[in-house]
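Scroll down for the structure; my scribbles are underneath it.
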Amino acid sequence: MKGHPEAAARFVADQERAHWHDQALWWLRQRRDAAAAPVPDWEALREAAERIKAHTLSRLADYVEEFERRARAAGAQVWFARDAAEHNAIVHRILAERGVGKLVKSKSMLTEECHLNPYLEARGIEVTDTDLGERIVQLRREPPSHIVMPAIHLKKEEIGELFHDELGTDEGASDPTYLTRAARTHLRRRFLAAEAGLTGVNFAVAETGGVVVCTNEGNADMGTSLPPIHIACMGVEKLIPRRQDLAVFVRLLARSATGQPVTVYTSHFHGPRPGGELHIVVVDNGRSAQLADPTFRQALACIRCGACLNTCPVFRRSGGYSYNWTVPGPIGIVLAAGRDAARHRTLPLASSLCGSCTDVCPVRIDLHHQILARRQDLGRRRLLSFQKRAGMKVMGWVLRSAFLYRAAGWLMRRALPILPAALVYGRWNAWGRQRELPPMPRRSFGQLYARRRHGRP
Ligand code: SF4
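Residue numbering for the sequence shown follows the working numbering, starting at 1 and increasing by one per position.
Written as structure tokens, this is what we have:
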């Protein structure tokens, strides 16, 4: 499997797309800053969120039991899945036993992680993603490229073409209002025909046994109020202890994600609606193993706001698909490398370690240090390429010695301009082949010698 550099190279080959992807995400980062700045207790809120999550994770088993008890008391059915296969089988069983053939879904990164859509579709169930961005990528048979804005990599003209082919809109139409109205008409038909609705979960409150779902489009509310069956799928880390803790997280979530003061719809579900059913599927899928690892436990505090993606200079310039993992960006690196270090061996290197992700994270996850720890893990497991290991070894020697450091600087200045380009950018040079060196006059030995004779550097 190709790694991040090769996939990123494909993305940046389209310079125009790479540029506006970068600009669009930076605009979001600036919106986040503008929304956070007027909140006088912003840093106190982040600290509170960090403390609440750390406390919850330290007593997760207790809170899972409390949540299950309260949710059952409120009339919900609670299911536990060890992994993605169990999760998919549980959801399918619930639907199959009730003869459900049409399901509407609101955005859920957990179901993306478990590849639920293809699983259900292979068993004859029609699945419709109802978040506009999710529906767009579903119609293109692609996964989301961003955890909050799944279709951020697409231009409105491309969406116009897609809707013309799939929804019958006017050829060449790319007006966002027109396209959004067409999508609304199309989705409304799907909502009305649906026999069950599935949502993700932003927060699950142990104290009440309720789950909270945040959306901007109201699609989760439509999907849970029209059909009689609601299935809510959540990773076990979504738990928080008390209802009052929600006040901390909802203030942080919307501001960090999109720069809004609050998400448009924050819906609370306590038990099924009259005559309906509420099923809550609590999924582990590797989270317990991560919880047992003190170095990376903190990453379980993530509330999937996407702020670390929007600020990351590598993500902005390489696109979500270059990570080849459900959750891209800095938090994706930490999670993916923990799930399968060998498969995702290039991801811990897809970071400048600038620390911007850590600065914006609303729950203060120490992301850049965790990425560095993943890199060290690669070294320990000997998963780095030979060139990388050899380069690191040489760098280690150079950086330990003042003499070698100065000599290397002198060599770089003198030798690089006269080395043949084939050597600098050659396949053997892992560093050079992925990068464009700053423009340097390329001279032959003869030219350099002549310049030296005339006293020019
Ligand atoms: S790691 Fe932090 S910034 Fe990144 S998505 Fe999670 S909560 Fe948001």
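Ideal Cβ placement from N, Cα and C applies to all residues, glycine included.
For G160, the closest alpha carbon among the candidates R181, V148, E142 and M149 is that of R181. A check of alpha carbon separations from R29 across G276, F403 and Q260 identifies Q260 as the nearest.
A distance below 6 angstroms between beta-carbons, with the five flanking residues on each side excluded, links A183 to the following residues of its chain, in chain order: L132.
In chain order, G286 place their CB closer than 7 angstroms to the CB of R339, counting only its own chain and leaving out the 5 sequence neighbours on each side.
Uninterrupted beta strand (DSSP E) stretches at least 3 residues long and entirely within the segment 144-221 occur at 196-199, 203-205 and 210-215, given in chain order. Your pair E134 and L103 does not check out as a contact, with CB atoms roughly 13 angstroms apart and the cut at 8 angstroms. Proximity of the beta carbon of A307 to the ligand SF4 is indicated: a heavy atom of the ligand is located closer than 6 angstroms. Inclusion of C302 in the 6 angstroms shell around the ligand SF4 follows from its C-beta lying nearer than that to a non-hydrogen atom of the ligand. Residue pairing by DSSP places A81 opposite V283 in a beta bridge.
Closest by C-alpha distance to V283, out of L347, K238, E16 and A257, is K238. In the displayed model, E142 falls within coil according to three-state DSSP, outside both helix and strand. Going by DSSP, H268 is part of the beta strand (DSSP E) stretching over Y265 to F269. The secondary-structure analysis by DSSP pairs H87 with nothing; it has no beta-bridge partner.
With a cutoff of 7 angstroms on beta-carbon distance, T56 and C233 are scored as not near each other.
Note: K102 is bridge-paired with E126 in the DSSP secondary-structure output. A distance criterion of 6 angstroms places the beta-carbon of I152 beyond contact range of the ligand SF4, judged by its closest non-hydrogen atom. Counting other Cβ atoms within 10 Å of its Cβ, T177 stays below 16 and is therefore classed as exposed. In the three-state reduction of the DSSP assignment, I229 falls in the strand class, which pools E and B. Residue side-chain check: I365 places its Cβ nearer than 6 angstroms to a non-hydrogen atom of the ligand SF4. Going by DSSP, D359 is part of the alpha helix (DSSP H) stretching over S356 to V360.
Under a 10 Å Cβ-count criterion, C302 is classified as buried, with 16 or more other Cβ atoms of the shown protein chains found around its own Cβ.
Taken in chain order, the unbroken stretches of beta strand (DSSP E) that lie wholly in the segment 22-84 and span 3 residues or more are 77-81. Annotated as distal: A34 and V281, with beta-carbon spacing of 7 angstroms or more.
Its chain contains C114 and N285 as the residues whose beta carbon lies nearer than 6 angstroms to that of A84, once the 5 sequence neighbours on both sides are disregarded; these appear in chain order. Within the same chain, L383 come within 7 angstroms of A342 by CB-CB distance, once the 5 residues on both sides are set aside. As far as DSSP is concerned, E237 takes part in no beta bridge. Assignment of L372 by DSSP, reduced to helix, strand and coil, places it in the helix class.
In this structure, the beta-carbon distance from I231 to F203 does not fall below 7 angstroms. Listed as beta-bridge partners of L278 by DSSP are H230.
Taking 6 angstroms as the cut-off, one finds at least one heavy atom of the ligand SF4 near enough to the beta carbon of C361.
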